[in-house]
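Convert by adding 1091 to the 1-based position in the sequence shown; the result is the number in our numbering. Beta carbons are placed, not taken as given, at the ideal position from N, Cα and C, and that holds for glycine. The structure appears below as structure tokens.
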Amino acid sequence: MDATSAGISNISFELREGEVLGIIGKNGSGKSTLLKLLAGIFPPDEGTISLRGSVSLLAGVGVGFNGELTGRENCYLYGALMGRSTAQIDALIDEIWAFSELEHFFDRPFRMFSAGMKSRLGISVATAFQPEILLIDEVLGVGDASFRERSKKRVRDLIDGSGSVVIVSHSLSLMSGICDRIMLMHQGECMLIGAPEDAIQAYSEITSQ
């Protein structure tokens, strides 16, 4: 990627195959805007973004799901948007249900879900379809400790299958534990991209000013 858009500028990086790239920065630094650019929600004003393979964006609690549909029906909708056939979704639906731990709520309207339940479904379905590139915006740290650990393992399993992940989070402990590299954004620009400890140290210096 080498692009400029409203709110961000001069961003240039290459996402490596099988990599977890973290993005940190203060509120308003352009993190979520960058993910939306990568997801193709809107094009850059300048420059280019080249992506190989399927891309899935998991952005915020409940984003991309229909509140009137059940959890199960939303899985089929999500899968169809990912280009999966009904048969392919059928083969994964029981595993999605089990991983989400939603039990009977899986067949209730999505609008009845708590924020935590919505995030559980989002993580379960987004990772089940194993996109080549998974974009995660502030949802991996939700749920109880057990679900968070299972979610991190699930992402790692995706990576082991040669997928790549770009994740935005304010949880520095999560980022240091899961990311191979971290990009630090400040005022719409990339200050640095490198080892997690270096990016987190630089971020701490910015926030202490």
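According to the DSSP assignment, G1207 belongs to no beta strand (DSSP E) but to the alpha helix (DSSP H) extending over A1206 to A1219. Here DSSP, grouped into helix, strand and coil, assigns C1281 to strand. In terms of CA proximity to V1216, Q1179 leads the group Q1179, S1237 and I1099.
The beta carbon of L1283 sits closer than 8 Å to the beta carbons of M1274, L1275, D1289, A1290 and A1293 from its chain, once the five residues preceding and following it are set aside; these are given in chain order. Assignment of beta-bridge partners to L1226 by DSSP yields L1148 and V1257.
Between G1109 and L1249, the alpha-carbon positions lie close to 8 Å from each other. In this chain, the beta strand (DSSP E) harbouring I1114 covers V1111 to I1115. Relative to G1113, the option among V1230, I1269 and F1220 whose CA is nearest is I1269. Taking a C-beta distance under 7 Å as the contact criterion, T1161 and P1200 qualify as a contact pair. Assignment of P1287 by DSSP, reduced to helix, strand and coil, places it in the helix class. With contacts defined by Cβ atoms closer than 7 Å, D1228 and A1150 form a contacting pair. Cβ-Cβ distances below 6 Å link S1295 to nothing in the same chain once the five nearest sequence neighbours on each side are left out.
Taking all protein chains in view, the Cβ of F1133 is surrounded by fewer than 16 other Cβ atoms within 10 Å, so the residue is classified as exposed. R1272 carries a strand assignment under DSSP once its states are collapsed to helix, strand and coil.
Residue burial is scored here from C-beta neighbours: R1175 has at least 16 other C-beta atoms within 10 angstroms and is therefore classed as buried. For T1124, the uninterrupted alpha helix (DSSP H) run begins and ends at K1122 to A1130, by DSSP. Taking 8 Å as the upper bound for CB-CB distance, I1187 and A1219 are in contact here, some 5 Å apart. At a Cβ-Cβ threshold of 7 Å, A1130 and L1148 count as neighbours. In this structure T1139 is exposed. Its beta-carbon is surrounded by fewer than 16 other beta-carbon atoms within 10 angstroms.
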